[in-house]
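-13 is the number of the first residue of the sequence shown in this note's numbering; add one for each residue after it. Okay, structure first, notes after.
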Amino acid sequence: MENPFRCPVCNALMEEDKDAGFKVPPQCPYLKTLYPELCSLHDKLYFGKWRKMVAVPNDIKRAYAKLGQLLSRVEEIVRKENIPQAGQDVRKACDALAMANPDEEPYASVKHMDQALSYVHHAINELLQEKQAKLHSPADYEMHYDVVLPFKEDL
Ligand SMILES: [Zn+2]
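This is the structure in structure tokens:
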């Protein structure tokens, strides 16, 4: 399916992602990764506003929806590649996400969502390791995001 408004490499919408402080660069920064879509989605959440002190409930609800989308993409690929270790990480991510209830308790949900995102990161790295590719480090892409510190966990 061709969508002219999406990045041909990582499938991200070709517009600034205000939640993540992401500005569309001239060339996709995920060009050299093996799983550009997964890494791009991961980082948009990793650097997302929902994890910061300034987050409002709607930021957390939007992030919850994006996290669900990312998780189902990862699950799909992990199943196709058949990597048991990554499958375990996906299950742990699902369990963590199931603990979150952003409609009722947005702020209490953040820690469960953080955990889910971390397990998703493990799963992505299992996929990369299987192909002997470089592991994914969000810090390598930090320059493309407006990183506003501090994160909640630093306080
Ligand atoms: Zn891209």
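Where is the CB? At the ideal position from N, CA and C, for every residue including glycine. Just so we're clear, the structure is a prediction, and the values are computed from it rather than from any experiment.
Requested in this report: Tell me whether Val10 counts as near ligand 1, meaning its Cβ is closer than 6 Å to at least one heavy atom of that ligand.
Outcome: Of the heavy atoms belonging to ligand 1, none sits nearer than 6 Å to the Cβ of Val10.
Report task. Consider the C-beta atom of Gly25 and the heavy atoms of ligand 1; say whether any pair is separated by less than 6 Å. Result -> At residue 25 the sequence reads Cys, which differs from the Gly that was named. For ligand 1, not one heavy atom lies less than 6 Å from the Cβ of Cys25.
**Report entry** Closer than 6 Å: Tyr16 CB and nearest ligand 1 heavy atom
**Finding:** Tyr16: yes, Cβ under 6 Å from ligand 1.
Query raised in the report: What alpha helix (DSSP H) runs, 4 residues minimum, are completely inside the segment 13 to 60?
Result: As far as the segment 13 to 60 is concerned, its whole alpha helix (DSSP H) runs of at least 4 residues are 22 to 32.
Query raised in the report: Cβ atoms of Ala51 and Val64: under 7 Å apart, would you say?
Result: Contact: no.
Query - Alpha-carbon spacing of Lys9 relative to Met0, whole angstroms - result: Across the structure, Lys9 and Met0 are spaced so that their CA atoms are roughly 9 Å apart.
Query raised in the report: How many Å lie between Glu91 and Cys(-7) at the Cα?
Result: Taking the straight line from one Cα to the other gives about 34 Å.
Query raised in the report: Using the rule of at least 16 other Cβ atoms within 10 Å of the residue's Cβ for burial, across every protein chain shown, is Ser26 buried or exposed?
Result: Ser26 comes out buried.
Requested in this report: Count the CB pairs spanning the segment 121 to 128 and the segment 92 to 100 that are closer than 8 Å, and state whether there are at least three.
Outcome: Of all C-beta pairs linking the segment 121 to 128 to the segment 92 to 100, fewer than three are shorter than 8 Å, placing the two stretches out of contact.
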